[in-house]
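In order, the protein sequences belong to chains A and B. When the first sequence is numbered by this note's numbering, its final residue is 313 and no position is left out of the sequence of numbers. When the second sequence is numbered by this note's numbering, its final residue is 626 and no position is left out of the sequence of numbers.
Protein chains: 2
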Amino acid sequence: MTIMDTHQDLATQQDTFRAGLEANDWLLPTLGDGVNGLGPQAEDVVQGIAAAARRIAAELSPEAGTRRLRFPPVNGTRLLERTDYVASFPQLLGTISAFEGDNKAHRKLLSMYEDGGDWSGELSPAGHALVPAVCHPLYAYLEGSQVDGTVFELMGECYRHEPSPDPMRFVTFRMFEAVRLGTPQEADEHREKWLAAGTDLLRALGLTVEADTANDPFFGRAGKLLSAGQREAQLKFEILTEVYPGHPTAIASANLHEEHFGEAFDLHTADGAVAHSACFGFGLERVALALAAKHGFDVAAWPASVRQELGLS
Amino acid sequence: MTIMDTHQDLATQQDTFRAGLEANDWLLPTLGDGVNGLGPQAEDVVQGIAAAARRIAAELSPEAGTRRLRFPPVNGTRLLERTDYVASFPQLLGTISAFEGDNKAHRKLLSMYEDGGDWSGELSPAGHALVPAVCHPLYAYLEGSQVDGTVFELMGECYRHEPSPDPMRFVTFRMFEAVRLGTPQEADEHREKWLAAGTDLLRALGLTVEADTANDPFFGRAGKLLSAGQREAQLKFEILTEVYPGHPTAIASANLHEEHFGEAFDLHTADGAVAHSACFGFGLERVALALAAKHGFDVAAWPASVRQELGLS
């Protein structure tokens with residue numbers, strides 16, 4: 001069973017899907033463009049996927065162990081510089097501004113908004129920014145340390161400024177990530193094992209998926225070269241599924257960063273070499289919505305094996 | 314047992330507590346001022362408190378039922394206007410800016426940051442803002458509807474721009490909230506029941522707590538009047554505990570909003586009257602840290618009854 005009518009064009013399919021998600025309390029509209037709340041069933045499914053991912057993390061735990069850490073959706077603006085995000089993906093980032101004025105400045109702000117103006121341009125940079133990928137705060141936290149192949153299990157909220165009529169594309173969404181820092185071999189092995197286990201989980205949930213090489217959306221003209229290089233070196237794989245027939249959407253990704261973060265944050269292995277890193281991430285809302293597209297909006301009617309995998313029965 | 318030395322002054326006590334939290338992996342430093350990650354034990358305790366709160370929600374569920382919804386940490390900037398937050402608490406809000414320039418604007422941005430300048434002032438308001446209280450997105454979601462005394466169970470992340478050396482004060486933190494919208498009687502009853510049940514839970518966790526009237530930190534000269542009025546009308550109660558002896562910290566609050574949100578978002582009851590609302594919230598990180606101050610940093614050594622209440626044994 002699929003909710004999609006394959007004869008509609010892509011934009012119509014996206015609108016139809018969004019309408020179904022909203023009518024069935026899966027997506028809750030907010031006042032933010034591209035920002036959605038989740039209803040009870042959608043949230044249960046998100047939590048079920050995260051729990052299944054934690055089971056994989058326990059099964060694949062290396063000798064050095066697995067550590068579960070938690071970072072909030074906000075970090076220092078400086079993190080966007082240190083990870084090269086402002087250089088590579090300026091179109092996606094979000095920084096935070098705050099009001100630091102007095103009574104007089106506040107009166108000005110209020111009169112602007114009473115006149116229907118945009119008062120938020122009056123604020124000052126707060127030194128805070130939204131986190132675009134849940135593994136970024138980890139590298140800053142580990143800065144200057146020796147790494148040993150431990151896997152870090154992270155779940156958190158990301159912000160990427162790309163409002164879209166496609167309900168599969170959230171401006172703010174949760175990601176489960178398993179990150180390993182260590183030797184090149186440890187990073188490779190991590191990426192390979194998780195890509196296989198992640199694909200298996202998504203298939204066990206009834207999704208038709210396929211892994212393929214991919215590239216991040218590097219900005220601008222120079223970015224085109226970076227994208228081509230990333231794809232050619234097979235640094236990024238995505239797990240894709242066709243929520244809209246003929247138009248695959250990525251619902252998970254597996255990345256080798258080579259020395260990128262090791263160098264930026266002075267991370268090294270016991271032999272003094274720059275650490276390599278790799279991560280695997282599930283886009284939790286995207287997986288949940290792909291499951292709704294596949295199995296329908298009524299979770300109670302989903303196949304028993306899928307419900308069991310998600311801890312829902 | 315308490316970790317605090319009562320002979321130190323407050324600032325020293327805060328520094329000592331922070332040092333202990335960091336040394337024991339309870340708080341993980343980030344690049345953001347006042348922003349902390351959580352280590353595995355702290356996160357387990359946060360999840361345990363949230364689970365205990367959900368049990369209370371199930372026990373106190375009214376005839377109209379309880380609905381669990383989930384809103385992300387970001388919403389439209391317009392939400393800050395509609396809730397009166399920009400008028401009442403401008404000093405705490407955070408809005409989001411994004412980069413919408415071309416290659417040339419990007420080169421300027423990069424040269425600013427290579428020169429060590431603050432490039433984030435070059436960005437444009439994105440129409441998005443951080444959510445300061447997890448119940449605010451709910452009112453916007455319900456806009457224009459009839460409410461019937463249903464309780465809404467929410468857990469989410471808040472941002473309040475008040476960096477502080479006190480580890481109990483997070484710029485970004487999670488809140489569990491139980492919100493009820495309905496008649497004045499339904500709102501009153503909700504606040505009363507949750508204030509009692511929340512106090513009981515915190516006592517069962519071994520904390521010495523006390524409920525007291527309080528006020529929100531309304532901005533500026535005019536705000537002083539609002540604060541006094543709120544306190545006099547007993548609209549806000551806080552549950553306080555002394556992490557620092559002699560200096561109570563709020564770890565939960567119970568609020569009557571009267572018609573404030575009902576009026577702002579056109580919410581009404583079956584008889585056509587403007588809906589009243591009330592909410593009860595636990596500051597999850599604050600409760601977790603208060604427990605660490607009380608029972609120590611090693612959760613395995615906490616009293617069996619506390620571990621059981623948190624689902625940790």
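Note that beta-carbon positions come from the ideal geometry of N, C-alpha and C, so glycine has one too. All figures in this text were calculated on a predicted structure; none of them were measured in a lab.
With C-beta atoms as the reference, is residue i less than 7 Å away from residue j?
| i | j | result |
| --- | --- | --- |
| alanine 252/A | isoleucine 239/A | yes |
| leucine 21/A | histidine 247/A | no |
| valine 147/A | leucine 181/A | yes |
| valine 387/B | glycine 519/B | no |
| glycine 575/B | valine 587/B | yes |
| threonine 241/A | valine 209/A | yes |
| alanine 527/B | leucine 508/B | no |
| alanine 365/B | leucine 514/B | yes |
| glycine 457/B | glycine 32/A | no |
Quick check on the DSSP output: the alpha helix (DSSP H) that includes residue i runs from which residue to which?
| i | result |
| --- | --- |
| leucine 422/B | 416–427 |
| threonine 512/B | 497–517 |
| histidine 474/B | Neither: histidine 474/B is in no alpha helix (DSSP H) and is coded neither H nor E. |
| leucine 284/A | 284–295 |
| threonine 526/B | Looking at the DSSP string, threonine 526/B is not in any alpha helix (DSSP H); the run it does join, the beta strand (DSSP E), is 522–526. |
| leucine 142/A | Counting along the chain, leucine 142/A falls outside any alpha helix (DSSP H), and DSSP gives it neither H nor E. |
Identify, in the order they occur along the chain, each residue of the same chain with its Cβ nearer than 6 Å to the Cβ of residue i, setting aside the five sequence neighbours on each side.
| i | result |
| --- | --- |
| cysteine 279/A | Cys135, Glu177, Val179 and Asn255 |
| tyrosine 472/B | Gly407, Leu443 and Thr485 |
| methionine 1/A | Residue placement at methionine 1/A is poorly supported in this model, since its pLDDT is 42, which falls under 50; the coordinates are not used for a value here. |
| tyrosine 452/B | Phe574 and Phe578 |
| alanine 288/A | Ala42, Val45 and Val46 |
Just to make sure I have the definition right: I need the residues of chain B whose C-beta is within less than 7 Å of the C-beta of residue i. Which are they?
| i | result |
| --- | --- |
| histidine 260/A | Ordered by position in chain B, no residue passes the 7 Å Cβ test against histidine 260/A, which lies about 17 Å from the chain. |
| glutamate 177/A | By Cβ distance, chain B contributes nothing, its closest Cβ being about 14 Å from glutamate 177/A, past 7 Å. |
| alanine 273/A | Result: empty, since nearest Cβ-Cβ is about 25 Å, beyond 7 Å. |
Would residue i count as contacting chain A if we go by Cβ distances under 7 Å?
| i | result |
| --- | --- |
| valine 619/B | no |
| aspartate 579/B | no |
| histidine 441/B | yes |
| serine 477/B | no |
| glutamate 356/B | yes |
| aspartate 525/B | no |
| asparagine 568/B | no |
| tyrosine 398/B | no |
| methionine 314/B | Residue placement at methionine 314/B is flagged as unreliable, the pLDDT there being 42, under the threshold of 50; the coordinate-derived value follows with that caveat. No, no contact with chain A. |
| asparagine 416/B | yes |
| aspartate 346/B | yes |
When you compare the CB of residue i with every CB in chain B, is at least one pair closer than 7 Å?
| i | result |
| --- | --- |
| histidine 317/A | The question about residue 317/A has no answer here: the residues shown for chain A are numbered 1 through 313. |
| arginine 70/A | yes |
| glutamate 81/A | yes |
| leucine 28/A | yes |
| glutamate 153/A | no |
| proline 90/A | yes |
| arginine 78/A | yes |
| valine 134/A | no |
| threonine 249/A | no |
| valine 287/A | no |
| isoleucine 96/A | yes |
| aspartate 188/A | no |
| asparagine 24/A | no |
| glycine 220/A | yes |
| glycine 198/A | no |
| leucine 21/A | no |
| glycine 48/A | no |
For residue i, which residues in chain A fall below 9 Å Cβ to Cβ?
| i | result |
| --- | --- |
| valine 612/B | In chain order: nothing, as chain A lies at least about 13 Å away. |
| leucine 604/B | Neighbours of leucine 604/B on chain A: none; closest Cβ ~16 Å, over 9 Å. |
Quick one: what's got a C-beta closer than 7 Å to residue i's C-beta in the same chain, skipping five residues either side?
| i | result |
| --- | --- |
| alanine 98/A | Leu123, Ser124 and Ala126 |
Using a Cβ cut-off of 8 Å, pull out every chain A residue sitting near residue i, in sequence order please.
| i | result |
| --- | --- |
| arginine 380/B | Pro40 |
| glycine 430/B | Within 8 Å Cβ-Cβ: nothing; glycine 430/B doesn't reach chain A, min ~11 Å. |
Counting only Cβ pairs nearer than 7 Å, list the residues of chain D close to residue i.
| i | result |
| --- | --- |
| glutamate 470/B | Included in the structure are the protein chains A and B, with no chain D among them. |
Short of 8 Å in beta carbon distance, which residues of its chain neighbour residue i, apart from the five on each side in sequence? Order them along the chain.
| i | result |
| --- | --- |
| alanine 58/A | Thr66 |
| proline 497/B | Glu571 and His589 |
| methionine 425/B | Asp431, Trp432 and Glu435 |
Please list, in chain order, the chain A residues whose beta carbon lies closer than 7 Å to that of residue i.
| i | result |
| --- | --- |
| threonine 485/B | Pro72, Pro73 and Val74 |
| phenylalanine 595/B | Within 7 Å Cβ-Cβ: nothing; phenylalanine 595/B doesn't reach chain A, min ~17 Å. |
| phenylalanine 412/B | Pro90, Gln91 and Leu93 |
| leucine 539/B | Correct list: empty, because the minimum Cβ distance to chain A is about 14 Å. |
| proline 438/B | Asp118, Ser120 and Gly121 |
Within the continuous beta strand (DSSP E) that includes residue i, where are the two ends?
| i | result |
| --- | --- |
| phenylalanine 574/B | Run containing phenylalanine 574/B: none in the beta strand (DSSP E); it sits in the alpha helix (DSSP H), 573–577. |
| proline 438/B | 437–443 |
| serine 410/B | 408–411 |
| valine 359/B | Careful: valine 359/B lies outside any beta strand (DSSP E), inside the alpha helix (DSSP H) at 353–372. |
At 8 Å on the CB atoms, spell out the chain B contacts of residue i, in chain order.
| i | result |
| --- | --- |
| proline 167/A | Ordered by position in chain B, no residue passes the 8 Å Cβ test against proline 167/A, which lies about 14 Å from the chain. |
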